[in-house]
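J.: Heads up: take any position in the sequence shown, counting from 1, add 77, and you land on the working numbering.
Where is the CB? At the ideal position from N, CA and C, for every residue including glycine.
This one's a predicted model, so the numbers in the text were calculated from it and none came from an experiment.
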Amino acid sequence: MRDVRPDHLRQVRKPLPEWRRPRGHGGDTRHTTGRMLGVLGLAACGLVVAQALNARKPRPRAEPRAAAAAKVRHGAMALAGSVAADSLMEHFRGGYCNDAMYLAPAVAGTALAATAVRPPATPRDDAVARDVAHAASLVTGTAGLAFHVWNIGKRPGGLTSMNNLFYAAPVGAPGGLAASGLYGLAEGRLRRAPIMPPRVEGRLLAGLTALNLLATSAEAGLLHFRGAFQNPFMFVPVTAPPAAALVLGAAAADPAAGLRRLARAACWTTAAAGAAGVAFHAWGVHRNHGGWRNWRQNLIQGPPVAAPPAFVGLGLAGLGALDLMDIRDEGRR
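(1) What are the start and end residues of the alpha helix (DSSP H) that includes S159?
(2) Mapping the DSSP letters down to three states, classify I272 as helix, strand or coil.
(3) Give the single residue among P141, A162, H211 whose Cα lies nearest to the Cα of R268.
(4) For L236 and A295, what's the separation of their Cα atoms in angstroms?
(5) Can you have a look at C344 and say buried or exposed, based on whether 16 or more other CB atoms are within 10 angstroms of its CB?
(6) Give the DSSP-derived three-state secondary structure of Q307 in the structure shown.
(7) At which residues does the alpha helix (DSSP H) containing L336 begin and terminate?
(8) Which same chain residues end up closer than 6 Å to A394 when comparing Cβ atoms and leaving out the 5 residues on each side of it in sequence?
(9) Within the same chain, show all residues whose beta-carbon is closer than 6 Å to that of G397, passing over the 5 residues directly before and after it, in chain order.
(10) Note down the Cα distance separating V205 from G298, rounded to an integer number of angstroms.
(11) Going by DSSP, what residue range makes up the alpha helix (DSSP H) through P182?
(12) With a Cβ-Cβ cutoff of 8 Å, do P332 and R280 count as a contact?
(13) Closer than 8 Å is the cut-off here; do at least three beta carbon pairs connect the region 190-197 with the region 222-232?
(14) Using 8 Å for Cβ pairs, my map puts L156 next to G253. What's the rounded Cβ distance?
(15) Tell me which residues share the same chain as S164 and place their Cβ nearer than 7 Å to its Cβ, disregarding the 5 neighbours each side in the sequence.
(16) I need the boundaries of the alpha helix (DSSP H) containing L370, first residue and last residue.
(17) Would you be able to state if there are at least three C-beta pairs under 8 Å between the region 353-361 and the region 237-246?
(18) What did DSSP end up calling S257 once you bin it into helix, strand or coil?
(19) Which term fits G218, buried or exposed, when burial requires 16 or more other beta carbons within 10 angstroms of its beta carbon?
(20) Straight-line CA distance for L339 to D176?
Laid out in structure tokens, this is it:
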């Protein structure tokens, strides 16, 4: 229809100059989707190569310290995988408007590959590459925490606005990548060059895991509060992990046999809750309009399927810490 209004009443919308156009929002997402699928393909290839390398290595009976270190490595692997998949999807939802947003899934994928390959029985040169990957995870996760806090603080209301805490960059999410790096470095130290008695190492690791459990539970509680706790099972991530953190912290302060048994049960419960959380989040995606047939939209708008495995990783790390504390008792028998 022809606009017959006078020129002074017409609203002529001029196109924005190139430097003022928002990047990654409202435009063609094919390039971003291609990059995301490319990263997923590289991660899948890395896991296939890691599995092939693991199949070629013999599996001798592990010493108690090595078995405990293996659980810590599995915890770091679960954390790295969770962060890699979750950051890939969440940053895709943000349109990768900042090039630094590609860094988190790339570094997390590298850490995942480093922990997926079973380390050799004797130290070799690949230990340096593993430590570099885990150190990069620690640095990237710490920097990500600062970036996310800055992203929230620059908005109206800053850190005191619940709306910002709900819908801006998740303030505690990069901590999972930093925790994965810490556990990866700790596993390498436990396996190659232990410098402390096993019980002391276990107590330090248990204290670190207790703090990580509290932080991760707080992040889950914030997002589940945003979802109004509409399902009673949404209370599990804000009850079971904090309880495990308290018991694990008590065992770190006083490693009595009874406390260690209770902490072990709590860590297993936390890991099981994380595994069940994946199923619940997958069901949440299914409940959205179109279900899994509309996966391109519902994976982004629905509950994050890749987030709950963080509790699996922390539960395994706690079990590794408890195994280290048990070594002294085994030596007395």
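T.: A quick look at the data gives this:
(1) To locate residue 159, count along the sequence shown from 1; it is residue 82. That run of the alpha helix (DSSP H) goes 141-170.
(2) To locate residue 272, count along the sequence shown from 1; it is residue 195. Three-state DSSP puts I272 in coil, outside helix and strand.
(3) As a position in the sequence shown, residue 268 is number 191, starting the count at 1. Comparing Cα-Cα distances from R268 to each of P141, A162, H211, the minimum goes to P141.
(4) Taking the sequence shown and counting its residues from 1, one reaches residue 236 at position 159. Taking the sequence shown and counting its residues from 1, one reaches residue 295 at position 218. L236 and A295: Cα-Cα distance of roughly 15 Å.
(5) Stepping through the sequence shown from its first residue, residue 344 is reached at position 267. Classification for C344: buried.
(6) Counted from its first residue, the sequence shown places residue 307 at position 230. Here DSSP, grouped into helix, strand and coil, assigns Q307 to coil.
(7) In the sequence shown, counting from the first residue as 1, residue 336 sits at position 259. Counting along the chain, the unbroken alpha helix (DSSP H) around L336 starts and ends at 334-364.
(8) As a working note, residue 394 is residue 317 in the sequence shown. Within the same chain, V149, G152, Y260, T286 come within 6 Å of A394 by CB-CB distance, once the 5 residues on both sides are set aside.
(9) For the purposes of this step, residue 397 is identified with residue 320 of the sequence shown, where counting begins at 1. Counting only Cβ-Cβ distances below 6 Å, and skipping sequence neighbours, we find A145, K148, V149.
(10) Within the sequence shown, residue 205 is the residue found at index 128, counting from 1. Within the sequence shown, residue 298 is the residue found at index 221, counting from 1. Per the coordinates, the alpha-carbon of V205 lies some 37 Å from the alpha-carbon of G298.
(11) Position 105 of the sequence shown holds residue 182. Where P182 is concerned, the enclosing alpha helix (DSSP H) stretches over 180-193.
(12) Along the sequence shown, read from residue 1 onward, the residue named residue 332 stands at position 255. Along the sequence shown, read from residue 1 onward, the residue named residue 280 stands at position 203. Cβ atoms of P332 and R280: closer than 8 Å.
(13) Taking 8 Å as the limit for Cβ pairs, the verdict is that the region 222-232 does not touch the region 190-197.
(14) As a first step, residue 156 must be located in the sequence shown, where it is residue number 79. As a first step, residue 253 must be located in the sequence shown, where it is residue number 176. Under the criterion of beta carbons closer than 8 Å, L156 and G253 qualify as touching, at roughly 5 Å.
(15) As a first step, residue 164 must be located in the sequence shown, where it is residue number 87. Excluding positions up to five away in sequence, the list reads A181, P182, A185.
(16) The residue you call residue 370 lines up with position 293 of the sequence shown. Per the sequence presented here, residue 370 reads as Arg, with Leu not at that position. Where R370 is concerned, there is no enclosing alpha helix (DSSP H), because DSSP gives it neither an H nor an E.
(17) Three or more Cβ pairs closer than 8 Å define a contact, and the region 237-246 falls short of that threshold against the region 353-361.
(18) Position 180 of the sequence shown, counting from 1, holds the residue named residue 257. DSSP places S257 in helix when its eight states are reduced to three.
(19) Working through the sequence shown from its first residue, we reach residue 218 at position 141. Counting Cβ neighbours within 10 Å, G218 comes out buried, since at least 16 surround it.
(20) Taking the first residue of the sequence shown as 1, we reach residue 339 at position 262. Taking the first residue of the sequence shown as 1, we reach residue 176 at position 99. Looking at the two C-alpha atoms, the distance is approximately 45 Å.
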